[in-house]
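Asks:
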Amino acid sequence: MSNSQQMKKGLSVRDLITTGILAALYMVCAMIGEAIFGFFPVLTFLCPLSIALLCGPVYMLILAKVPKHGPIIVTGILVGGVLFVLGMYWSMCLAYCILGVVADLLAGSGNFRNKGRNLLSYMIFVLSPVFSYGMLWFDRDAYVQYLVEKGTEQTYMDTMVSTAQNWMLPAMIIGVLICAAISGLVGQKLLKKHFEKAGVV
Amino acid sequence: MEMQLQTKDTLATLHLDPRTKLYLLIVGNVALFLAPSLLYEIALVVCVVILGILVGAKRFTVRMAAIYAGMVVLHIIGTNYLTGTLQIAIVTFTVFIRKIFPCAMLGGILVSTTRVNEFMATMNRIHMPKAMVIPLTVMLRYFPMVHEDWGYISDAMRMRDVAPTVKSLLTHPARTVECIYVPMMMSALKVADELSAAAVTRGLENPKPRTCLQEIHFNVADAVCFILFTLFMSVSIWLKLKGGAG
Amino acid sequence: MIRFDKVSFTYQESLQNGGLRDVDLTINKGECVLLCGRSGCGKTTLTRLVNGLIPYFYPGEVTGTTYVDGKDIQDYPIYEVSEYVGSVFQNPRSQFFNVDTDSEISFGMENLTYPREKMKERISKTVADLDIAHLTGRSIFELSGGEKQKVAFASIYAMSPSIYLLDEPSSNLDMDAIEDLRRTLELLKKQGKTILIAEHRIYYLRELVDRIAYMENGAISAVFSPSQFLSIPEEQRHSMGLRALDLSKVQPRAFAENSQKPILEVRNLSLFYKKKPVLDDLNLSAAPGEIIGIIGHNGAGKSTFSRTLCGLHTNCTGQILWDGKELNAKSRLKRSYMVMQDVSYQLFADTLEKECVFGIKHPDLDAAKQAMERLGIYEYRTHHPNTLSGGQKQRAAVAVSMVCCKDVLIFDEPTSGLDYDSMIQVAGLFQTLSKMGKVIFVVTHDYEFLAAACTRVIHLDNGKQQEDYPLSPDNLHRLHDFFLRSERRQNLEENGK
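Chains as they are written, first to last, in the UniProt record's numbering: chain A, 1 to 201; chain B, 1 to 246; chain C, 1 to 497.
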């Protein structure tokens with residue numbers, strides 16, 4: 001392939017357009033993941049899991065189709081940026097950008113062809129939505145105080161919040177990592193089964 | 001997800017510079033993040049509603065305002081009349097949504113009143129690299145096509161007895177996932193190639209900065225919005241600092 | 001203006017066929033040249049050499065030189081070429097870069113950094129010249145395919161290149177849109193632009209082309225003038241794999257009378273989209289083996305009708321009966337199958353073989369094998385469906401329908417972008433299906449194909465069933481009236497002036 005030649009020039013317009021379109025697809029998957037649980041109380045904490053479960057194949061396709069430094073960063077910034085413009089919580093948007101860079105470097109260290117590293121790269125990238133819940137930990141005191149003022153029993157509140165705090169964040173992260181691994185593996189399998197066979201990647 | 005992108009009628013009224021819009025969004029986020037009270041939040045939402053109606057996204061604004069009102073009512077009921085786990089569940093949810101919703105509203109309003117080429121010109125103006133601008137434009141353009149594709153794929157699946165329902169997702173997860181993702185991603189790759197060819201043959205690779213049909217410049221409306229929202233943010237910072245000290 | 005000097009080309013990607021061998025051709029300024037030939041003969045490749053997509057976009061090995069305006073095109077970056085050469089592609093859906101028509105029309109000019117004043121001037125000229133005032137300021141998602149194509153064309157026109165390249169521009173258009181395309185080309189020709197078109201459906205170019213280059217296996221094997229081309233005997237033309245330049249000479253195939261009793265019946269069927277009525281009070285019956293062409297203008301409700309027949313669209317009143325028993329939407333889904341215009345959406349498996357039994361609980365492998373053999377695709381059974389050609393994919397979908405024992409088959413534009421050979425193959429496929437006793441509906445804008453394949457025509461327009469007639473030589477004038485009406489209307493208008 002003349003890939004090496006293109007590599008020198010960085011991302012071509014074609015790469016950028018491909019990235020844009022796949023980023024759109026990624027974002028649609030993320031939005032669907034959000035929509036599955038997003039509008040129910042409590043279940044909203046499952047959102048990062050469903051997102052992680054849905055986006056893997058698209059992520060793997062991006063890596064396979066544009067195996068260079070850049071597209072994952074671009075995807076991170078785009079998804080983060082568009083989510084920000086749509087009014088999503090800023091910490092998540094920031095996480096997309098930063099984890100995008102980390103994920104890009106990680107996949108790049110395996111030349112974008114190493115399956116294990118690609119999978120790891122996805123698992124890290126897709127942690128971003130977890131950060132939108134950071135607020136609940138960040139602003140916890142105000143939140144607890146607020147509830148107590150409104151008449152919730154302090155002791156009940158304490159146990160509730162402390163248990164929530166102690167196990168929920170790790171549980172969420174572990175859940176996301178497991179879902180991401182499953183989704184990423186499915187994505188790699190689909191790529192091998194269909195896209196390589198059809199000669200499009 | 002609703003992304004009604006600009007048609008003629010939405011542009012009929014007050015016109016803001018995209019740079020102002022971006023600024024408003026950032027300020028709105030900061031203000032909301034620091035929002036000291038529910039009342040303050042509601043005031044912010046009122047501002048957003050007024051803005052939404054002025055810039056011409058009337059229907060969207062009204063609908064979102066109604067949902068927000070419902071959320072506030074739910075919140076009040078939750079805090080005052082419910083107890084125990086249910087209360088925590090409801091309140092956590094509404095607090096969470098309330099922290100997101102006004103910004104989503106602002107974002108929706110601003111996105112639906114901005115033309116893509118105008119936005120692209122702004123991006124060039126603030127020296128956003130092409131590597132960001134091109135994927136962004138393409139992305140915005142591709143969203144509705146995902147919906148179209150989905151229509152075809154779901155039709156095709158229903159004719160094959162593999163309808164994309166929750167039931168089939170649970171009984172045959174692998175097959176259902178394959179049926180949805182594979183045609184969707186194949187179609188995306190095909191469009192990417194064809195679109196690239198069409199864009200490249202119309203000179204998109206020209207290294208010189210693009211010009212823009214749309215004129216972009218600040219006007220009085222920009223200044224007013226700028227001052228109003230900055231003021232709002234300052235109030236929240238001030239209240240926060242005062243509250244923190246006391 | 002354009003000169004190919006001993007140009008040869010091989011695509012780097014092995015899957016791509018359509019390389020070139022020793023092409024020598026000179027196209028003068030102001031000339032309109034048609035490239036025709038079978039799929040894969042290299043006509044598209046030739047256009048890609050002129051707009052610079054080769055080798056930049058489609059890597060491969062080029063020998064020989066392509067000159068545009070006396071300059072070797074390969075010495076220039078593609079964005080400089082785009083000032084002289086405008087390209088219109090096949091699929092209007094994927095040519096749009098922007099979300100609204102205004103941005104799209106100015107897109108090319110913005111890339112070439114036109115100053116704003118000049119852009120405005122060019123846009124108003126473009127809108128006036130191409131008569132597209134009604135298309136300005138719209139979102140692209142509310143446009144029909146034909147309208148999208150017009151805006152894509154306008155975007156090129158606004159850049160005012162001196163050479164226009166068109167790669168199968170009519171493939172996805174209905175006959176009205178083709179007529180508009182013809183007028184636009186006429187205008188370009190009057191302005192002295194050089195036009196190079198690669199196309200299968202060529203009737204609309206009859207009055208426009210100056211020369212017709214016939215390509216075979218990557219080489220130009222003959223160049224005709226239009227009158228020479230028209231004098232090619234029909235049989236020879238068919239053996240060259242070419243479609244008709246003059247539709248009025250196309251005759252329908254004779255069909256044996258269908259003596260079977262009707263089995264499918266549609267009674268008082270009215271269709272709605274959301275709450276809007278689409279089609280009102282449809283009545284028809286069809287016998288096994290009938291091949292029914294459905295024609296009508298854009299938005300006449302043809303696709304809603306086909307989706308209703310399949311049970312995909314449920315917003316309707318009235319009855320659809322099979323053998324006297326009423327079918328609800330669910331049983332219609334079981335009994336019927338639609339082959340979509342873009343078949344890729346309905347192929348899911350990783351080999352053709354698996355495709356045929358995909359999603360079936362107790363697949364009948366023999367039936368699958370038989371179906372594939374019957375359709376002549378058995379040899380591709382281990383290929384990925386996506387690697388097949390358009391016609392083969394269509395056959396794959398038909399094989400699926402055979403394995404699933406579907407009785408009613410609906411085809412949506414099965415011949416878009418197909419050359420003569422493939423079109424005749426589809427017609428042959430219909431014959432096979434007809435003999436098996438299937439009821440076949442085909443939504444199409446392709447006059448030649450209707451004449452070659454259908455036994456009966458139903459015309460839908462203005463929310464009603466306008467006509468329903470068997471397609472025989474006696475009735476051909478009615479079909480003719482429908483298809484050539486727009487052309488005639490144009491002639492009348494011109495005579496009136």
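Even glycine gets a Cβ: it sits at the ideal position worked out from N, Cα and C.
Predicted, not measured: the structure shown is a model, and the values here were computed from it.
Rounded to a whole number of angstroms, what is the C-alpha to C-alpha distance between E207/C and Y214/C?
Replies: Those two C-alpha atoms are separated by around 18 Å.
Asks: Please work out which residues of its chain come closer than 6 Å, Cβ to Cβ, to G192/C, disregarding the five sequence neighbours upstream and downstream, and give them in chain order.
Replies: Only G30 meet the Cβ criterion.
Asks: Measuring alpha carbon to alpha carbon, tell me which of V439/C, D421/C, Q346/C and N91/C ends up nearest V400/C.
Replies: Closest by alpha carbon: Q346/C.
Asks: Run through DSSP, which three-state label would P385/C get?
Replies: Helix at P385/C.
Asks: Within its chain, find whatever has a CB closer than 7 Å to the CB of S187/B; leave out the 5 residues flanking it on each side and keep chain order.
Replies: Counting only Cβ-Cβ distances below 7 Å, and skipping sequence neighbours, we find D149.
Asks: Tell me which residues of the stretch 154-170 of chain B have at least one Cβ-Cβ distance to chain C shorter than 7 Å, keeping chain order.
Replies: Listed by position along the chain: D155, A156, R158, M159, R160, D161 and V162.
Asks: Quick one: using the 10 Å Cβ neighbour count with 16 as the cut-off for buried, is K261/C buried or exposed?
Replies: Flag for K261/C reads exposed.
Asks: Which bits of chain B does Y89/A rub up against, with CB to CB less than 7 Å?
Replies: In chain order: K99 and I100.
Asks: Taking just the CA atoms, how far does S50/A sit from S183/A?
Replies: For S183/A and S50/A, the distance between alpha carbons rounds to 10 Å.
Asks: Report the three-state DSSP secondary structure of R211/C (helix, strand or coil).
Replies: R211/C falls in the strand class under three-state DSSP.
Asks: Hey, V343/C and Q425/C: beta-carbon distance below 8 Å or not?
Replies: Not in contact: V343/C and Q425/C (Cβ atoms no closer than 8 Å).
Asks: T113/C touches chain B at which residues, Cβ-Cβ below 8 Å?
Replies: Chain B residues near T113/C: N206, K208, P209, R210 and T211.
Asks: Which bits of chain C does T122/B rub up against, with CB to CB less than 9 Å?
Replies: Residues of chain C passing the Cβ test: none, with the nearest at roughly 13 Å.
Asks: For A287/C, name the three-state secondary structure that DSSP assigns.
Replies: Looking at A287/C - three-state DSSP - the assignment turns out to be coil, as it is neither helix nor strand.
Asks: Using C-beta distances below 6 Å, list every residue in its chain close to P144/B, excluding the 5 sequence neighbours before and after it, in chain order.
Replies: Here the set comprises nothing.
Asks: Within 10 Å of its beta-carbon, does R419/C have 16 or more other beta-carbons around it, so buried, or fewer, so exposed?
Replies: The amino acid occupying residue 419/C in the given sequence is Asp; Arg does not appear at that position. Buried.
Asks: Assuming A198/B and F89/C are in contact, meaning their beta carbons sit under 8 Å apart, how far apart are those beta carbons, in whole angstroms?
Replies: Yes, they are in contact, since the Cβ atoms of A198/B and F89/C sit about 6 Å apart, within 8 Å.
Asks: Step through the CB atoms of chain E and report whether any lies within less than 8 Å of the CB of F9/C.
Replies: The chain inventory of the structure shown lacks chain E, comprising the protein chains A, B and C.
Asks: Sort out for me which residues DSSP pairs I458/C with in a bridge.
Replies: Bridge partners of I458/C: I294/C and D468/C.
Asks: Using CA coordinates, which residue listed in Q392/C, N217/C and C310/C is at the minimum distance from N17/C?
Replies: It is N217/C whose Cα lies nearest to the Cα of N17/C.
Asks: Give a yes or no on whether the minimum CB-CB distance between F57/C and chain A is below 8 Å.
Replies: Interface residue, yes.
Asks: To which residues does DSSP link V408/C through a beta bridge?
Replies: BP columns for V408/C point to S336/C and V439/C.
Asks: Rounded to a whole number of angstroms, what is the C-alpha to C-alpha distance between F93/B and T44/A?
Replies: Whole-angstrom Cα-Cα distance: 8 Å.
Asks: May I have the straight-line CA-CA distance separating F232/B from V111/B, to the nearest angstrom?
Replies: Taking the straight line from one Cα to the other gives about 22 Å.
Asks: Looking at the unbroken alpha helix (DSSP H) that takes in D366/C, where does it start and where does it end?
Replies: Here the alpha helix (DSSP H) through D366/C covers L365 to R374.
Asks: The stretch 333-353 of chain C: which residues have C-beta closer than 7 Å to a C-beta of chain A, in chain order?
Replies: From the stretch 333-353 of chain C, only D350 have a Cβ closer than 7 Å to chain A.
Asks: Grab me the residues of L78/A's own chain with a C-beta within less than 7 Å of its C-beta, minus the 5 sequence neighbours each way, in chain order.
Replies: Only A23 meet the Cβ criterion.
Asks: Just checking, does the stretch 51-63 of chain A make contact with the stretch 178-197 of chain B on the three C-beta pairs under 8 Å criterion?
Replies: Judged by Cβ distances under 8 Å, the stretch 51-63 of chain A makes contact with the stretch 178-197 of chain B, as three or more pairs qualify.
Asks: If you draw a straight line from the C-alpha of L112/C to the C-alpha of I78/C, how long is it?
Replies: If you take the alpha carbons of L112/C and I78/C, they lie about 12 Å apart.
Asks: Quick one: what does DSSP say Y81/B is sitting in, helix, strand or coil?
Replies: Correct three-state label for Y81/B: helix.
Asks: By Cβ distance, which residues of its chain are closer than 6 Å to A104/B, with the 5 residues on each side in sequence left out?
Replies: There are no such residues.
Asks: What does the alpha-carbon distance come out to for the pair M175/C and K189/C?
Replies: Each residue's alpha carbon lies about 21 Å from the other.
Asks: Could you check which residue in D461/C, I291/C, T455/C and L279/C has the C-alpha nearest to that of L473/C?
Replies: Rather than Leu, the amino acid found at residue 473/C in this sequence is Pro. For the residues D461/C, I291/C, T455/C and L279/C, the minimum Cα distance to P473/C belongs to T455/C.
Asks: If contacts are defined as beta-carbon pairs under 8 Å, then Y469/C and C404/C qualify, I think. What distance do you get, rounded to the angstrom?
Replies: Not really, about 31 Å apart at Cβ, beyond 8 Å.
Asks: Residues of chain A with CB under 7 Å from I134/B, in chain order?
Replies: Residues of chain A passing the Cβ test: V13, L16, I17 and G20.
Asks: Residue range of the beta strand (DSSP E) that R3/C falls in?
Replies: R3/C -> beta strand (DSSP E) spans I2 to Y11.
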